[in-house]
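Chains as they are written, first to last, in full-length UniProt numbering: chain A, 1 to 298; chain B, 1 to 298.
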């Protein structure tokens, strides 16, 4: 069934996602701070002149912006969604933002008779383009099932994790595990190489055992080759760990290795910039050990 | 070809390994501080009355003891291997010990015309019994190929990692990754649960993505169920991280998250004892957060 859909935020992720919704045969009302890209207009996307206009003309509105304050501005700012919403409409926030704030946003939106799902994704630009994102959803089960056909145009592995906010919690949880596993591989490979072993042979020996993971496979290889083209940029992972650490602070959760890993990302940015792949965290450990994996293996 | 083999150390690991070598048709000269178990005598294992006697009657001698000082005592102590060795004999140390000391031990053994391989294992008691251990070997390539038919009676995934000491380096590297990944999952699940999500649903949502690993699967499940029957005991992992940290100290390698993870194991032992599975590290994080995953999920 053809639906009136809004889409706010047409950046690296939002643009291909909106394109996939258009390909699904839906009518899309588009808004982006930096204007609507031509290719979406060629796909018959409709340019809206304000976020409020998107809200008033759409039954389901997607948000895909950078951070918590951006989502807050989109919903509650001047000419924002809240001014154009009417009861029964559904707001789906696919940005990766603070779980605690998400619960507060949802409460306000539900108070005016609308529905709210948080649905952050993993899979990056590649997954957004191919419609194979993993989508972690928080919200009411009936609302989830109503939204599912649309989400299936965007992703493959779509899970209802729990109540509103649970999608964001799952995303932050994911990013904690990914960051700390990358850091673990980095400590381990610096240890192996500076101890005098061939880091690549050690990595090969460990694959298949308990130490094996996609991260040992993919990020471990990047570390050994010294190729840090993203992939996933350090500054984005810093943002995610900041969500983890600020939520942890608010809830009195001690996350010692998450905190140290964030510090090592900071040191990496100080020395090598923020645009490298997150596996470049190994460069912070190389710096601390006054040692380079690459000068050894070349 | 039937060989005269020595085996020193017949504990939880050594006993089934010696049994597998006997099943391979070899003549085994056995020694253990606590005596030779009856089942190995029934398998026609030969009881030696000293380590020196094992060395003089065997061409290949295996060592499988607990820690670095034990290996040192076996080789260089009174009535030790060194007193019974003669040129051409091969010593295979399968214990998990210090990589740096291993290189020193090998040097002394090679000076008297003998050969040395370090060949620590992973796979635990189950792998030792079924002959499916992973074996990480350091040493000369020709010596490795000579030893391989014997090692194949003990394990499946047998890798020559590099020079003498490289097997131990690979083992320590493995244990760093395993410990830090377990700790990562623990921080992540405490975060998810105390943030209000269902930790098990979050775990399910993350499997298949970049956060996935055998550890998320197996240890993550143990943490959520609160079942900490080993598996692999905390005190053994503390020993391995101690090898990592003391080697790192000697080589000036900073391993910040390895150090913190060891401290969390220490806190776990202080509060809950040393005999739980290493996934019980989550209990240290629960303690710090004044929160219990299990009281929530039950």
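All C-beta atoms in this analysis are idealised placements derived from N, C-alpha and C, irrespective of residue type, glycine included.
If you're wondering where the values come from, they're calculated on a predicted model, not measured in any experiment.
Short CB-CB distance (under 7 angstroms) between residue i and chain A
i: residue 202/B; result: yes
i: residue 87/B; result: no
i: residue 256/B; result: yes
i: residue 126/B; result: no
i: residue 209/B; result: yes
i: residue 133/B; result: no
i: residue 99/B; result: yes
i: residue 178/B; result: yes
i: residue 170/B; result: yes
i: residue 251/B; result: yes
i: residue 108/B; result: no
Any chain B beta carbon closer than 7 angstroms to residue i
i: residue 156/A; result: no
i: residue 162/A; result: yes
i: residue 136/A; result: yes
i: residue 266/A; result: no
i: residue 122/A; result: yes
i: residue 260/A; result: yes
i: residue 289/A; result: yes
i: residue 102/A; result: no
i: residue 205/A; result: yes
Where residue i sits in the DSSP three-state scheme
i: residue 232/A; result: coil
i: residue 288/A; result: helix
i: residue 144/A; result: helix
i: residue 105/B; result: helix
i: residue 115/B; result: strand
i: residue 4/A; result: strand
i: residue 261/B; result: helix
i: residue 223/B; result: helix
i: residue 63/B; result: strand
i: residue 26/B; result: coil
i: residue 282/B; result: helix
i: residue 81/B; result: helix
i: residue 157/A; result: strand
i: residue 41/A; result: helix
i: residue 32/B; result: coil
i: residue 139/A; result: coil
i: residue 163/A; result: coil
i: residue 48/B; result: coil
Euclidean distance between Cα positions of residue i and residue j
i: residue 60/B; j: residue 37/B; result: 21 angstroms
i: residue 261/B; j: residue 273/B; result: 16 angstroms
i: residue 132/B; j: residue 290/A; result: 39 angstroms
i: residue 229/B; j: residue 284/B; result: 16 angstroms
i: residue 95/A; j: residue 121/A; result: 8 angstroms
i: residue 255/B; j: residue 173/B; result: 12 angstroms
i: residue 42/B; j: residue 200/A; result: 44 angstroms
i: residue 171/A; j: residue 264/A; result: 21 angstroms
i: residue 91/A; j: residue 70/A; result: 15 angstroms
i: residue 45/B; j: residue 130/B; result: 19 angstroms
Whole-number beta carbon distance between residue j and residue i, since they are thought to touch under 8 angstroms
i: residue 167/A; j: residue 118/A; result: 4 angstroms
i: residue 177/A; j: residue 259/B; result: Rounded, the Cβ-Cβ distance is 20 angstroms, inconsistent with contact.
i: residue 164/B; j: residue 139/B; result: 5 angstroms
i: residue 205/B; j: residue 159/A; result: 4 angstroms
i: residue 257/A; j: residue 257/B; result: 5 angstroms
i: residue 62/A; j: residue 6/A; result: 7 angstroms
i: residue 19/B; j: residue 30/B; result: In fact, because the Cβ distance is near 10 angstroms, the residues do not count as touching under 8 angstroms.
Closer than 6 angstroms: residue i CB and nearest the ligand NAP heavy atom
i: residue 36/A; result: By its list of ligands, the structure shown contains no ligand whatsoever, and the ligand NAP lies outside what it can speak to.
Count the CB pairs spanning the region 248-267 of chain A and the region 187-205 of chain B that are closer than 8 angstroms, and state whether there are at least three.
yes
Along the region 181-200 of chain B, where does the CB come closer than 8 angstroms to a CB of chain D? Name the residues.
Looking for chain D here will not work: the only protein chains present are A and B.
When you compare the region 72-90 of chain B with the region 212-222 of chain B, are there three or more beta-carbon pairs, one atom per stretch, that lie closer than 8 angstroms?
no
Can at least three beta-carbon pairs, one atom from the region 3-12 of chain B and one from the region 275-294 of chain A, be found at a separation below 8 angstroms?
no
Three or more C-beta pairs below 8 angstroms linking the region 106-118 of chain A and the region 206-214 of chain B:
no
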